[in-house]
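Student:
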Amino acid sequence: MTSGSHPFFTLDIGSASIGAALVARLDGRWRLLASSAAPVAVGIEPVLRHLAEAAAAADGTLLAGAGDWRGWARVESRTRPGARVVVAGPSGGAVEPFERAFRMDGWQATACVTPERSVALDAARALRDPDLDLVVVAAPGGLGGNDRDALRDVAALVGAMAGLRESLPVLVSGPGVVAMPGPPGERVVRSHGLADAVALAREAVPRGADGREGFIRSIVSIAAILDLHVEGVDIGLDAGTRVQAEPDGLLRRLVLADAGLIPPAALEDDRLLDSIAHWSTLADEAYAVRDRLRNLRVAPWRDAAGDGARVRLAAARAALERLEVAWDADGRNPSRGLDRSGEYGGQPEGPGAPDVVVASGGAFAGPPGPAVALALVDTMRRPGPVALALDHARILGPLGTLGDEHDRRRLLADLLDDVLVPLGSAVVVPGLKAGRMGSLRVIADGALTTLPLAPDGVQVVDLPPGLSATVELEAPDDLFVGIRARRVAFTLSGGLGGLLVDTRDIPLRLPDRPERRREYLDAWQLPLWTNANA
Amino acid sequence: MTAHPLLDRIPPRSAVLVEPRVRIAVLPGDESLVAEGDRIAPGDGILRRPRHPQVGEQSLRGRRVPAPGTRLAEDGSLAGDDRRASRFDGGGEVLYATPSGRLRAVVSRHHGTVESPIGGTVEAIDACLLTIHGEGSAFPAALAVGEPSSGPLVVAVAGPDDELHARGIDVRHAGAVLVAGSRVDIESLTRARAMGVRGVIAGGVIGADVVALRASIDRQEASVHPSPPFALVVLNGYGKRPIPRDAWEALAGAVGTVVGLAITPPLVAFPPDTLIRGGEPDRVRVVAGPLLGRTGRVVALAGLRRQAGGVYQDCARVAIDPVAAAEAVNPVDVPMADLERDG
Chain A
181 MTSGSHPFFT
191 LDIGSASIGA
201 ALVARLDGRW
211 RLLASSAAPV
221 AVGIEPVLRH
231 LAEAAAAADG
241 TLLAGAGDWR
251 GWARVESRTR
261 PGARVVVAGP
271 SGGAVEPFER
281 AFRMDGWQAT
291 ACVTPERSVA
301 LDAARALRDP
311 DLDLVVVAAP
321 GGLGGNDRDA
331 LRDVAALVGA
341 MAGLRESLPV
351 LVSGPGVVAM
361 PGPPGERVVR
371 SHGLADAVAL
381 AREAVPRGAD
391 GREGFIRSIV
401 SIAAILDLHV
411 EGVDIGLDAG
421 TRVQAEPDGL
431 LRRLVLADAG
441 LIPPAALEDD
451 RLLDSIAHWS
461 TLADEAYAVR
471 DRLRNLRVAP
481 WRDAAGDGAR
491 VRLAAARAAL
501 ERLEVAWDAD
511 GRNPSRGLDR
521 SGEYGGQPEG
531 PGAPDVVVAS
541 GGAFAGPPGP
551 AVALALVDTM
561 RRPGPVALAL
571 DHARILGPLG
581 TLGDEHDRRR
591 LLADLLDDVL
601 VPLGSAVVVP
611 GLKAGRMGSL
621 RVIADGALTT
631 LPLAPDGVQV
641 VDLPPGLSAT
651 VELEAPDDLF
661 VGIRARRVAF
671 TLSGGLGGLL
681 VDTRDIPLRL
691 PDRPERRREY
701 LDAWQLPLWT
711 NANA
Chain B
470 MTAHPLLDRI
480 PPRSAVLVEP
490 RVRIAVLPGD
500 ESLVAEGDRI
510 APGDGILRRP
520 RHPQVGEQSL
530 RGRRVPAPGT
540 RLAEDGSLAG
550 DDRRASRFDG
560 GGEVLYATPS
570 GRLRAVVSRH
580 HGTVESPIGG
590 TVEAIDACLL
600 TIHGEGSAFP
610 AALAVGEPSS
620 GPLVVAVAGP
630 DDELHARGID
640 VRHAGAVLVA
650 GSRVDIESLT
660 RARAMGVRGV
670 IAGGVIGADV
680 VALRASIDRQ
690 EASVHPSPPF
700 ALVVLNGYGK
710 RPIPRDAWEA
720 LAGAVGTVVG
730 LAITPPLVAF
740 PPDTLIRGGE
750 PDRVRVVAGP
760 LLGRTGRVVA
770 LAGLRRQAGG
780 VYQDCARVAI
790 DPVAAAEAVN
800 PVDVPMADLE
810 RDG
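Residue numbers (the working numbering), protein chains in the order written: chain A, 181 to 714; chain B, 470 to 812.
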């Protein structure tokens, strides 16, 4: 075999685990040689040594000329819990857009301080939180008398509390005149308004080589490479990220601390835990399921097999659902100009359904690929066909931190086949009427499979990775798959989960009764966990 | 890297912390009773904290504008006030002066004391945080609830797998920190607080009981009479979880000595002269799955193994210690992520 050159490691260091990969140049192109993941407590060096040993075990000559692995380059990204921000302002109406904008950028908005809704003591406590990273003062212009006084009052409180601290930055956003005694001038950043506030805040509270930003940049690069509309979703312990890109660049992005696998608030919030357990197929007592979920927060790397895998995927589904809700709410935000209600459940279509969805993050590291595919289809529901892939080596975050877009595209163009595991394809066809059966024809590799198309179900058609199929759907009434027609056909690619044909509603409706809900979830998931208990 | 390369991809048990640092949040109205560099012992008062604090407001007329954080005297007056200046309703701390000429302050007529859970030196104190650089060593824990506390250690159960029941707690335990085994319930915690126990150390706890304990502590804080600080420190996580063997041995060896229970970060602190034996480098403990709590020795790396649920995990082959002499246990493959190594 040809010997490799220029080996380097990628490291995605999260709150719970480290994802590492070894990449080298072989036969004139970049290839993924090995990848692994380990709990973050293990540390970096043992994981990298394991990768180097795995590559050497596969072929001792492969990297023989590359020297000792300790000297190989490392491309590293980190994901941390969202920075903590308090948003203050003269009124709820002034503060809420800032709170929303910061939440949608991955910040933890720990409090909103306004004279109308805050008790001064609670506000002072929030502003003196030792772990607070930033205070934002919304200072709109043209305020009337009462609001102007309220803004001056809030600014005085913020200034007093910030002045007691050594390093807390304060961002004053908007044209409103704010006198703020207390913090020295170099700690007070001025922004014109909401449009530049988040960007200036990121500069005031730098995050270093941030894995979530890296993931977003890599998805944009992949959209350009594939010349397709690509959507990326990353669920980690402390935040969820969703990004939509087209060949010309970024369309939308969202980083949400509440969309982490198990948000810290869940430890004390039974209702939040129950909303996660809503997706669980375990028949245990409610308190036992809640404690399993709490333990998933305390030690996320443990108990990843058996029932633990199902609990983890239930938590991932719930996180994707929270992300979806925020994504849709953000899409309806009139300031975004994307408020186009769709046909089903008022879902905004946004700039169009993606051609490919790429999943990443520790939440998807354990469960089998086909089960991950269904989790994506269950929660990111858009009518029409889509291809599903998994960043199994967690390489997209680190590669996104490369400063040069050209370098990243060159690397990703070579690596895509190695780093994106094809999970399969899905066609979501909502709206079939009961008793009005349609038909599904799949032509793959010269073979024709014909199946009935029934409402409110998921069918799994075997379509291995590497195969493409022509899929034809026909129904007595109009089908909605992005367009309306009685007969539609697509060409779709295979994957670990094959082809999923989903005729359930958008959004997915689950029964309230736990037993009935578990029956439904089991029925949908069972074909994708086949032999899982063997 | 560990001395045993076989083991370095197995997560270490949260290592014993030497000279741990403990953080205590300073709240508006708190008055520091210590200064940077002061040496303190477990149980020493470090902050004077207002009970039922309120924000009071007075006119600035007749006053210079005091800096935020300036202390109010117990009679509600400010140093330098002239006689015409009105007083606040109790002692406290200036928050800020409003642009309309009002002075706002956190005030309270009653105060309690926040105690140090650990002996050591006050490393830093500012308006938000007090940091203590502790002496001795500490076991980190998964979670802690309540207030920093300390007291002489009493082992209240027979073994690390046992559970503490409410009937096992009585007035003899007042002022003590109890070791409660693998799980403690809300009934036992409530009784412990009522008996004046200063804290409980357990391997696990039901989440609902943590929520109930927090509510109980909040109710107590809202009452007229202050109660002594109480902390629950959980070493392993939620549910029933045995106390790790080395932690159990350290706790059993420290009976009668004053241990500290810190909330941020959650830990159990031991005085400097307590001997905490380090774990053996090739020994591991199973922390999840059907063998939860069992210990053993890694004999080989098993590589990727397919587990229930269709999950592939890197496994280690572990010779599990027999619980009884007659128990025959063959080496089993355990996911490395479900193991903790001692050393």
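Each residue gets a CB set at the ideal place from its N, CA and C atoms; glycine is no exception.
Determine, using beta carbons only, whether B:Leu730 comes closer than 9 Å to chain A.
Tutor: Not one chain A Cβ lies under 9 Å of B:Leu730.
Student: Tell me, to the nearest whole angstrom, how far the beta carbon of B:Gly603 is from that of B:Ala510; I am working on the premise that it is less than 8 Å.
Tutor: Between B:Ala510 and B:Gly603 the Cβ distance is about 11 Å, and since that is not below 8 Å, they are no contact.
Student: Are the Cβ atoms of A:Leu452 and A:Ala445 separated by less than 9 Å?
Tutor: Yes, these two residues count as a Cβ contact at 9 Å.
Student: Check B:Glu616 in the structure and name its three-state DSSP category.
Tutor: Looking at B:Glu616 - three-state DSSP - the assignment turns out to be coil, as it is neither helix nor strand.
Student: Run the CB neighbour count on B:Leu773, radius 10 Å, all protein chains shown included, and call it buried at 16 or more, exposed below.
Tutor: Exposed: under 16 other Cβ atoms inside 10 Å.
Student: Could you confirm whether any beta carbon from chain A is found closer than 9 Å to the beta carbon of B:Gly598?
Tutor: Before going further, note that residue 598 of chain B is Leu rather than Gly in the sequence given. Answer yes: the Cβ-Cβ gap between B:Leu598 and chain A drops below 9 Å somewhere.
Student: Which of the three DSSP states, helix, strand or coil, is assigned to A:Thr559?
Tutor: Reduced to three states, the DSSP call for A:Thr559 is helix.
Student: Starting from A:Leu331, trace the alpha helix (DSSP H) in both directions and tell me its first and last residue.
Tutor: First-last of the alpha helix (DSSP H) with A:Leu331: 325 to 343.
Student: Where do the N-terminal and C-terminal ends of the beta strand (DSSP E) with A:Thr190 fall, by residue?
Tutor: A:Thr190 -> beta strand (DSSP E) spans 185 to 193.
Student: Under 8 Å Cβ-Cβ, which residues of chain A neighbour B:Val666?
Tutor: Result: empty, since nearest Cβ-Cβ is about 23 Å, beyond 8 Å.
Student: Pull up the CB-CB distance for A:Val299 and A:Ser353, whole angstroms please, since I reckon it's below 8 Å.
Tutor: That belief does not hold up - the Cβ atoms of A:Val299 and A:Ser353 are roughly 24 Å apart, past 8 Å.
Student: Which bits of chain B does A:Pro548 rub up against, with CB to CB less than 8 Å?
Tutor: Simply Gly778, Gly779, Val780.
Student: Provide the residue span of the alpha helix (DSSP H) that contains A:Val227, from first to last.
Tutor: Per DSSP, A:Val227 belongs to the alpha helix (DSSP H) from 224 to 238.
Student: To the nearest whole angstrom, what separates the beta carbons of B:Arg810 and B:Pro800, a pair I think is in contact under 8 Å?
Tutor: About 16 Å; that fails the 8 Å criterion.
Student: Closer than 8 Å by C-beta to A:Asp454: which residues in its own chain qualify, once you throw out the five before and the five after it? Chain order, please.
Tutor: Correct list, in chain order: Ala466, Arg470.
Student: Please decide whether A:Tyr467 counts as near chain B, where near means a Cβ-Cβ distance under 9 Å.
Tutor: Judged by the 9 Å Cβ criterion, A:Tyr467 is in contact with chain B.
Student: If we ignore side chains and look at the alpha-carbon of each, how far apart do A:Pro691 and A:Leu554 end up?
Tutor: Spanning the two alpha carbons is a distance of roughly 18 Å.
Student: Can we say the segment 415 to 425 of chain A touches the segment 259 to 275 of chain A, given the rule of at least three CB pairs closer than 8 Å?
Tutor: Touching, yes.
Student: Output, in sequence order along the chain, the residues in the segment 557 to 582 of chain B whose CB is closer than 8 Å to any CB in chain A.
Tutor: Against chain A - using a Cβ distance shorter than 8 Å - the residues of the segment 557 to 582 of chain B are Leu564, Tyr565, Ala566, Thr567, Pro568, Ser569, Arg573, Val575.
Student: From the DSSP output, in three-state form, read off B:Phe699 for me.
Tutor: If DSSP states are grouped into helix, strand and coil, B:Phe699 belongs with coil.
Student: Buried or exposed, going by whether 16 or more other CB atoms sit within 10 Å of the CB of A:Gly247?
Tutor: Classification for A:Gly247: exposed.
Student: Secondary structure at B:Glu543, three-state DSSP: helix, strand or coil?
Tutor: Looking at B:Glu543 - three-state DSSP - the assignment turns out to be coil, as it is neither helix nor strand.
Student: For B:Val487 and B:Pro740, I'd like the C-alpha separation in whole angstroms.
Tutor: Computed Cα separation, rounded: 11 Å.
Student: Are the Cβ atoms of B:Ala681 and B:Gly650 separated by less than 9 Å?
Tutor: Taking 9 Å as the Cβ cut-off, B:Ala681 and B:Gly650 do not qualify as a contacting pair.
Student: Taking a contact to mean a Cβ-Cβ separation below 9 Å, would you say A:Ala649 touches A:Gly677 in this structure?
Tutor: Cβ atoms of A:Ala649 and A:Gly677: not closer than 9 Å.
Student: What do you reckon, are the CB atoms on A:Ser271 and A:Asp327 nearer than 9 Å?
Tutor: Yes, Cβ-Cβ distance for A:Ser271 and A:Asp327 is below 9 Å.
Student: I need the DSSP call for B:Gly706, collapsed to helix, strand or coil.
Tutor: Looking at B:Gly706 - three-state DSSP - the assignment turns out to be strand.
Student: Taking C-alpha atoms, which residue in B:Ser685, B:Arg714, B:Val693, B:Pro695 lies nearest to B:Leu701?
Tutor: For the residues B:Ser685, B:Arg714, B:Val693, B:Pro695, the minimum Cα distance to B:Leu701 belongs to B:Ser685.
Student: What residues from chain A crowd round B:Ala677, counting only those whose CB sits closer than 9 Å?
Tutor: Here the neighbours are Asp450, Tyr467, Arg470, Asp471.
Student: Is there a Cβ from chain B that is less than 9 Å from the Cβ of A:Gly343?
Tutor: With 9 Å as the cut-off, A:Gly343 counts as an interface residue toward chain B.
Student: I think A:Asp302 touches A:Thr290, with their Cβ atoms under 8 Å apart; what is that distance to the nearest whole Å?
Tutor: Not really, about 11 Å apart at Cβ, beyond 8 Å.
Student: Mind listing which residues of the segment 756 to 767 of chain B have their C-beta closer than 8 Å to chain A's C-betas, in chain order?
Tutor: Listed by position along the chain: Val756, Ala757, Gly758.
Student: Can you tell which of B:Glu543, B:Leu572, B:Phe699, B:Val614 has its C-alpha closest to the C-alpha of B:Gly620?
Tutor: The shortest Cα separation from B:Gly620 among B:Glu543, B:Leu572, B:Phe699, B:Val614 belongs to B:Phe699.
Student: Please determine if the segment 604 to 620 of chain A and the segment 688 to 707 of chain A are in contact, where contact requires at least 3 C-beta pairs separated by less than 8 Å.
Tutor: Touching, no, given that fewer than three Cβ pairs across the two stretches are closer than 8 Å.
Student: Have a look at B:Ala806 and A:Ser195 and give me their C-alpha separation to the nearest angstrom.
Tutor: Distance between the alpha carbons of B:Ala806 and A:Ser195: 15 Å.
Student: Hey, is the segment 559 to 576 of chain A in contact with the segment 182 to 202 of chain A, meaning 3+ C-beta pairs nearer than 8 Å?
Tutor: With the cut-off at 8 Å, the segment 559 to 576 of chain A and the segment 182 to 202 of chain A touch.
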